[in-house]
Every structure is written in C-alpha cells, then in structure tokens.
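Below: the structure, in structure tokens.
Protein chains in written order, with my numbering: chain A, 1 to 223; chain B, 1001 to 1231.
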C-alpha cells in the first residue's frame, strides 16, 4: 500500500477533508428526479384552481385544467417506470431497494419519531427513505382515487365522495412533504448539488452517509 | 421479507409494508371517507376548514374563461316560451315573491359534497304558476349569463318543492363565483343541474340536452341513482 493511500484512508477514518468525488446519482436517476419533479409541479399548479375557488375565479376554464391535471397524473409514472427498467436503471433500482431497507438504528429513529439521532446513515438517511416511500406509495393512491374522480360513472356515489376525500387529504400531505424536501435540500448544499452534478465528496459521505461510503470504498480498495 | 425481521442486527424490509399500509388506508378512505369527511371538517374548525381538506367544500366550476359579472341592479330574469304571461323580473321583483328556505346538501356528481348549505329563493313552481304554463308545455329550459351553460327539467321535476330560483346561499347574497346574483338550486339532483347565473326560464314541449348532458352526464340527475348517461 502506498503512503498516499494510507493517508487517504486515515482521512476517511477521521472524516477529514477528503474532496475526492464519488457518484451519488447517475444520469438516469437525475433525469428521473427532475422529470418527476416537473410532473409534480404541473399537478400541484393545476390542482390550485380545481381546489381553491378564488384561484378558479382568476383562471376559469375548469374543464380544460381538469383534463391537463388528469393526463399529467396518468403519464407521471411512465418516466419513472422507464428509468427503473432495463440495464440503464440498475443504479435507480438499487436506490429504490435501499429506501425500503431499514436497520435497527433507523427503525429506532422512526419509533422515536425522529428524536433518536444515533443513526448509522445509509446512502439516504431515514427521513429521506421515509419521504421516498411516502411519495412513491402516494403516487399509487393518488392515481387510483384520481381515476375514480375522472371516470366516476363506474363507481358508486359513496366511493366518489370517499375518493375526493382521500385525494384532497393526501394532496395536502404530499405538498407538506415536498416543501420539507425542498427546505432540507436548500439547507444542505452539497447534497443538493449532487442531484445536479451527480457527485458528492468523500468527506460529505463520511459525515452523512457513512455506511454507504464504507460499501463504496471497500469496492474500490479491492480494485 | 418477514423472515428478515427475526435476525438480530439485520436490516428489515419495510418498503412493501409502507406501500401496502398506504394503499390500504387509501382504500378504506374511499370506502368510508364519505362518512368521516364531515367529522374531519368540523374537527379542523371553521376558520382553517375553509382551506384545509375535508372534502366538504365547494369546488368552483366555470365553463367559460371568466365569470359573468352582473350587478344586482342590472339583473333581469326572463320567463318565456309556452306561457300565458311572458315576464322579465328584476331582482327586487323576484325577492318580493314568497320565499322558500332550504337547508340541503350540495352534491357533485364527481363525489364532493357540501353538507347542510342554507339556500333561499323562490320556488320554480311558483314562478311558472305566475307566468301561467300553457297546455302543450312539458319541460323547462334554462339559460345562463355565461352564454354557454344550459339545463332542463321536466315540468313535474320543475314543480318539486325543493327546486328553487335562489338569490341567497351560505347566509348571504350569492357570490359571483357561486352563480350570483341568481342561480338555480335543484336539491334532489347532482350539482350540475343547479345552473349558475340564471338568465332565462323557457317553457317548451320537451326537454333538450343541457351543456353537461351533451358532455355525457345523465339528464335525470337524481342523486344516488343516476350514474351513466341515460340518453
């Protein structure tokens, strides 16, 4: 082992200022993220006049906006499904797998409702995992309830009223989650940069995603 | 999957559980949401309840790009067609007629429902009696000041006691977005029958398809029973 490598490993051990980059999100993941973000933005913007009478008063043309909203929602899963399939989606699939995989310290964090901060962080911290699971699941629920609202003829009136209720309540929860997501992104600049450039520094990973860094570097040291 | 849980110090796959949990909650909400939305609405309170979800709030529909803005002074309601005495009523003349007050839900065909809305107006049947419907008449058509929306009822539906030409709702004059100054309120039918910005009541021989019926909604829009287009 060369002296420089030893020094670098020591830096890693101490979480020192190691600026070498490692790939956090590949191009497919970044594209999937931003396309998905654009779809969610379009859905939220078109939802405003559908839900708030004051906005509808300014915009009008409810039928057209409802149509745009409906078809945006129907198409939304397509880029996600394409991104997670095929050989190009390997990293995306691996990250999706991580979202659902929790160790004890993460589960403890969950049970303490976020107060137990002693977490050995994976590539994503438990809050990020929870957010991803929530948004991912909510796509399915919003899709189903949205379908009932649009093609109501096929469903009893009680279901339509219930679907309206679920679609509304979940929409608010999604907006809260997204605002939280944006807040944390803006207050964590290096993590934010990685959804544009794909890369984070090793020192960042040592601080925020130690378990993942260990996985990644064990691989590279073997090389 | 579950077998992972028993292994100490190992990871647990909770992704599927979170997904199934949310899908299950969603399904329960669809099945029983209509029963809890009122409770949720009142738990949230009246102040914020206007903005936060509970399901029990008005969605404002407009067919055209803008709402027709008619001042109460300029408002006119014409009653025409197969009647002995065609008339044009001002808002004051309308309000001088015997009034009917209703406290009834507003139920949209797509599902949303606003419970116990206060309505006030004149029974459509009273207006028709005043104008004197002639022998051949069997239906009533309605036009809107938005220039596009139309509706119709059979003569017997029009004479139901909870079908009114409304000039007050939600405890005040009807706002522009709710179809003011005067709209129709057809309590036993889905909301699209309650035409907004009512401009004309025309008595005819047989009902014609209104705007929403041309777009596939049932003509006889009885709440709870009408699901598919009937024509």
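Think of the CB as a built atom: it goes at the ideal place given N, C-alpha and C, for glycine as much as any other residue. Predicted, not measured: the structure shown is a model, and the values here were computed from it.
Residue i at chain B interface by Cβ criterion, 7 angstroms
i: residue 131 of chain A; result: no
i: residue 204 of chain A; result: no
i: residue 215 of chain A; result: no
i: residue 176 of chain A; result: no
i: residue 20 of chain A; result: no
i: residue 70 of chain A; result: no
i: residue 46 of chain A; result: no
Supposed close pair residue i, residue j - CB separation, criterion 8 angstroms
i: residue 1122 of chain B; j: residue 1100 of chain B; result: 7 angstroms
i: residue 166 of chain A; j: residue 1029 of chain B; result: 4 angstroms
i: residue 1183 of chain B; j: residue 1140 of chain B; result: Between residue 1140 of chain B and residue 1183 of chain B the Cβ distance is about 15 angstroms, and since that is not below 8 angstroms, they are no contact.
i: residue 32 of chain A; j: residue 96 of chain A; result: No, residue 32 of chain A and residue 96 of chain A are not in contact; Cβ-Cβ is about 10 angstroms, not under 8 angstroms.
Separation of residue j from residue i, as counted between CA atoms
i: residue 174 of chain A; j: residue 37 of chain A; result: 12 angstroms
i: residue 1062 of chain B; j: residue 135 of chain A; result: 31 angstroms
i: residue 1164 of chain B; j: residue 1113 of chain B; result: 19 angstroms
i: residue 1064 of chain B; j: residue 1185 of chain B; result: 20 angstroms
i: residue 101 of chain A; j: residue 1210 of chain B; result: 55 angstroms
i: residue 140 of chain A; j: residue 1223 of chain B; result: 29 angstroms
i: residue 1204 of chain B; j: residue 172 of chain A; result: 47 angstroms
i: residue 211 of chain A; j: residue 123 of chain A; result: 7 angstroms
i: residue 1134 of chain B; j: residue 1162 of chain B; result: 23 angstroms
i: residue 1207 of chain B; j: residue 1154 of chain B; result: 6 angstroms
i: residue 1070 of chain B; j: residue 1176 of chain B; result: 8 angstroms
i: residue 216 of chain A; j: residue 75 of chain A; result: 35 angstroms
i: residue 1148 of chain B; j: residue 1086 of chain B; result: 23 angstroms
i: residue 90 of chain A; j: residue 194 of chain A; result: 18 angstroms
i: residue 1119 of chain B; j: residue 93 of chain A; result: 56 angstroms
Residue i at chain A interface by Cβ criterion, 7 angstroms
i: residue 1177 of chain B; result: yes
i: residue 1119 of chain B; result: no
i: residue 1195 of chain B; result: no
i: residue 1190 of chain B; result: no
i: residue 1022 of chain B; result: yes
i: residue 1209 of chain B; result: no
i: residue 1217 of chain B; result: no
i: residue 1150 of chain B; result: no
Where residue i sits in the DSSP three-state scheme
i: residue 87 of chain A; result: helix
i: residue 1015 of chain B; result: helix
i: residue 1193 of chain B; result: helix
i: residue 40 of chain A; result: helix
i: residue 1225 of chain B; result: coil
i: residue 215 of chain A; result: helix
i: residue 1142 of chain B; result: strand
i: residue 20 of chain A; result: coil
i: residue 1163 of chain B; result: strand
i: residue 186 of chain A; result: helix
i: residue 1082 of chain B; result: coil
i: residue 1106 of chain B; result: strand
i: residue 141 of chain A; result: helix
i: residue 1185 of chain B; result: strand
i: residue 1208 of chain B; result: coil
i: residue 1036 of chain B; result: helix
Query - Residues, ordered as in the chain, of the stretch 92-125 of chain A that lie near chain E by beta-carbon distance below 7 angstroms - result: The structure shown contains no chain E; its protein chains are A and B.
Query raised in the report: Would the stretch 1101-1111 of chain B and the stretch 154-166 of chain A be scored as touching if the rule is three or more Cβ pairs under 8 angstroms?
Result: With a cut-off of 8 angstroms, the stretch 154-166 of chain A and the stretch 1101-1111 of chain B count as touching, because enough Cβ pairs lie within range.
Query - Meets three-Cβ-pair contact criterion under 8 angstroms: the stretch 1082-1096 of chain B and the stretch 1140-1158 of chain B - result: They do not touch, by the three-pair rule.
Requested in this report: Please confirm if the stretch 62-74 of chain A is in contact with the stretch 140-157 of chain A, defined as three or more CB-CB distances below 8 angstroms between the two stretches.
Outcome: Output reads yes: the stretch 140-157 of chain A touches the stretch 62-74 of chain A.
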